[in-house]
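This report concerns only the one structure given below.
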Amino acid sequence: MFRVLHRLRETRILRQHRIDDGLWAATLGLLPILNGLSATESDRLRHLTTLFLARKRFEPALGMELDPGMRLRIAVQACLPILYLGSEWYDDWRTVIVYPGEFIRPRSEVDAAGVMHEWSEVLRGESWDRGPVVLSWSDVEASGYGEGYNVVIHEMAHKLDGLNGQVDGFPPLHPGMPIPDWTQTFRSAFEALEATLARNEVPAIDPYAAES
348 MFRVLHRLRE TRILRQHRID DGLWAATLGL LPILNGLSAT ESDRLRHLTT
398 LFLARKRFEP ALGMELDPGM RLRIAVQACL PILYLGSEWY DDWRTVIVYP
448 GEFIRPRSEV DAAGVMHEWS EVLRGESWDR GPVVLSWSDV EASGYGEGYN
498 VVIHEMAHKL DGLNGQVDGF PPLHPGMPIP DWTQTFRSAF EALEATLARN
548 EVPAIDPYAA ES
């Protein structure tokens, strides 16, 4: 019964919040990372993106104005990581905050001696535990070209990672996926990235991935 009701709700959302065909086509044309999708995958991505736009609240910051195309550009990239997972993987948060560019966050830490240290950090994106995703629009515009940098996907990966209770690089796995297999595959890929950087070669993804 729950699944039936869930499908009915999704069908209603898809009907009431249909993405304009022209806007969808224009957005796909802006993002080369979507070029390799099959027709079936593109339809699935549109389905997920429609649900994302209907369920998430977009909050512009510092006078930022967001038009439908800008929201769509964020949403379609946000849904790529869940293309074969489902919209429910993003159910534990609701808000996307968008700044015009990089933004500043105050930080503080108490060291072992009990001394409080305070500083400011300049960020391009941020993901809060069960809270909003925060993005720099200028960095959203720089994402999606298949050049190894994507602030939207980066922050969504943090959201998926945190579903296990902590952001530690080990996300929930598909049913039946052996943990040792995942661990070995991840370790091999990470070591390959480190080796590429050690040779001063350009990796397929942002070198920052070797640090976080």
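The sequence shown begins at 348 in our numbering and counts up one residue at a time.
We treat Cβ as the ideally placed atom computed from N, Cα and C, and that holds for glycine.
Since we're looking at a predicted model, the values are computed, not measured.
Close beta carbons around residue i, own chain, < 8 Å, minus the five adjacent residues each side
| i | result |
| --- | --- |
| Ile421 | Phe405, Val443, Val445, Leu482, Val487 and Val499 |
| Leu361 | His394, Thr397 and Leu398 |
Same chain only: Cβ atoms within 7 Å of residue i, ignoring 5 sequence neighbours per side
| i | result |
| --- | --- |
| Leu470 | Glu449, Phe450 and Arg452 |
| Ala551 | Gly495 |
| Asp458 | His464 |
| Ala408 | Ile444, Val445 and Tyr446 |
| Asn497 | Gln424, Ser490 and Gly491 |
| Leu544 | Pro550, Pro554 and Ala557 |
| Ala504 | Pro428 |
C-alpha gap between residue i and residue j, whole angstroms
| i | j | result |
| --- | --- | --- |
| Tyr437 | Lys506 | 8 Å |
| Phe399 | Ser434 | 7 Å |
| Ile429 | Leu419 | 16 Å |
| Ala460 | Glu558 | 27 Å |
| Ser389 | Thr396 | 10 Å |
| Asp368 | Pro525 | 41 Å |
| Ile380 | His464 | 41 Å |
| His364 | His394 | 10 Å |
| Thr374 | Gly493 | 15 Å |
| Asp635 | Glu357 | Given that the chain is displayed from residue 348 to residue 559, the structure contains no residue 635 and the question cannot be resolved. |
| Glu412 | Ala401 | 18 Å |
| Pro415 | Ser385 | 25 Å |
| Ala536 | Gly516 | 13 Å |
Residue j beta carbon less than 8 Å from that of residue i
| i | j | result |
| --- | --- | --- |
| Leu427 | Leu392 | yes |
| Pro518 | Asn511 | yes |
| Ser467 | Arg477 | no |
| Gln424 | Gly491 | yes |
| Leu576 | Trp529 | In this structure the chain extends from 348 to 559, so residue 576 is not present and cannot be described. |
| Lys403 | Arg441 | yes |
6 Å CB neighbourhood of residue i in its chain, flanking five on each side removed
| i | result |
| --- | --- |
| Trp484 | Val445 and Pro447 |
| Glu502 | Gly472, Ser474 and Val480 |
heavy atom of the ligand MG below 7 Å from residue i C-beta
| i | result |
| --- | --- |
| Asn511 | Of ligands this structure carries none, so the ligand MG is not represented either. |
Completely contained beta strand (DSSP E) runs for the region 464–545, where each covers 3 or more residues: 472–474 and 480–483
Within the region 349–378, ranges of the alpha helix (DSSP H) (whole runs, at least 4 residues): 349–363 and 368–377
Beta strand (DSSP E) segments (min. 3 residues) lying fully within the region 437–461: 442–446 and 450–457
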